[in-house]
Amino acid sequence: MKYAVIGAGSWGTAVASLIASSVETVVWSRNVDVATDINDNNRNSAYLDGFDLPTSIRATTEITDAVADADVVVMAVPSHGYRGVLDSCAQHIGPSTPVLSLAKGIEQDTLMRMTEVTLDVLQAHDPMVVGVLTGPNLAREIMQGQPAATVIALGDHATATEMQRVFMGSTFRVYTNPDVVGSEIAGAVKNVMAIASGMAAGKGFGDNTLATLITRALVEMTRLGVAVGGDVRTFPGLAGLGDLIATCNSSQSRNHIVGFGLGQGRTLDEITSEMNMVAEGIKSTSGILELAQRHGVDMPIARQVGRVLYDGLDPTKALTELMTREAKSEFGS
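Residue numbers 0 to 332, in numbering that gives the first Met the number 0, belong to the letters of the sequence shown in order.
Here it is as structure tokens:
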């Protein structure tokens, strides 16, 4: 079998490394230097410096070369560029070819999840083979072989099970889940919450604050996920709570890094100018808030993150406003 991984950032490269021993793996990169580094040196120094890649991975800058005759297409590009990249190779993807998204975001203009974008671009495609891989998966730890787990959310169980076999390894456990909607919403919301946790860390707050934030973030994630059609069982699982814990705790998380800088008083422009990878939460927060408003869901933490990102609200003031909200029941709020 041939898997095409579209995108050679840190996570796309890590995923390619996971599957290269099981299937023919071709990685598409828009960057010639990255593709050359992978092919000539078995490295991706731009995004995963210090790690040797399997020699069987082949990189290309021609996207049609990557997807042509691919049995599975893995989309490893950020949400804001997802539609354009997929559209550029759509005619070469068959209607029954499984498409698996690694992106954790919401398209800003349409508020679509990435599987919805996929089906909007590939209009004759079988929706049962369009899904998402998501969970507490920090790329560098995966490359180090540290034990971790993930979820493949897909409607077609047989296809999901076959992908599970390909992705599973001795240190990487894969679960299947039919709840595509809930899994995608969880992944998008956790990026917003990782910015919030980063802000708390940047202010110097400790474990009590983090535990409070993660717990209430899970409430907001579940509210929105269920409102848009997700299964409530997804959110205390790997795609929800698992990913939330990992990114809210980790200084490797790009969204946490953004929040940490904001908590220290730095501007968003200063922070992002030093990053060579996208922090999905910066753009997705507005979409998450619009989606919440559309469904009548209250998301006070996400709302404050949005005010910090887009309105310049001081993180300390944002926290004060959260803490001084009207007292409520835990079960009803």
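For each residue, glycine too, the CB sits at the ideal point set by N, CA and C.
Could you say which of Val307, Ala200, Tyr81 lies nearest to Gln107 if we only look at CA atoms?
When only C-alpha atoms are compared, the closest one is Tyr81.
Local Cβ density within 10 Å of Gln303, reported as buried at 16 or more and exposed below that
buried
Please report the straight-line C-alpha distance between Gly154 and Gln122, rounded to a whole angstrom.
17 Å
Which partner residues of Gly130 appear in the DSSP bridge assignment?
Leu99
Go ahead and pull the three-state DSSP assignment for Asn176.
Assigned with DSSP and collapsed to three states, Asn176 falls in strand.
To the nearest angstrom, how far is it from the Cα of Pro146 to the Cα of Ala19?
18 Å
Are the CB atoms of Arg306 and Glu279 within a distance shorter than 9 Å?
Result no, Cβ atoms of Glu279 and Arg306 do not sit closer than 9 Å.
Rounded separation between His124 and Val71 - CA only:
13 Å
Measuring CA to CA, which of Met162, Leu240, Val150 is closest to Arg215?
Taking Arg215 as reference, the option from Met162, Leu240, Val150 with the minimal CA-CA separation is Leu240.
Who are Gly168's beta bridge partners in DSSP?
Phe171
Candidates Gly262, Val73, Arg164: which alpha carbon is nearest Ile194's?
Gly262
Straight-line Cα distance separating Gln251 from Gly236
21 Å
With distances taken between CB atoms, is the gap from Ala138 to Asn176 smaller than 9 Å?
Not in contact: Ala138 and Asn176 (Cβ atoms no closer than 9 Å).
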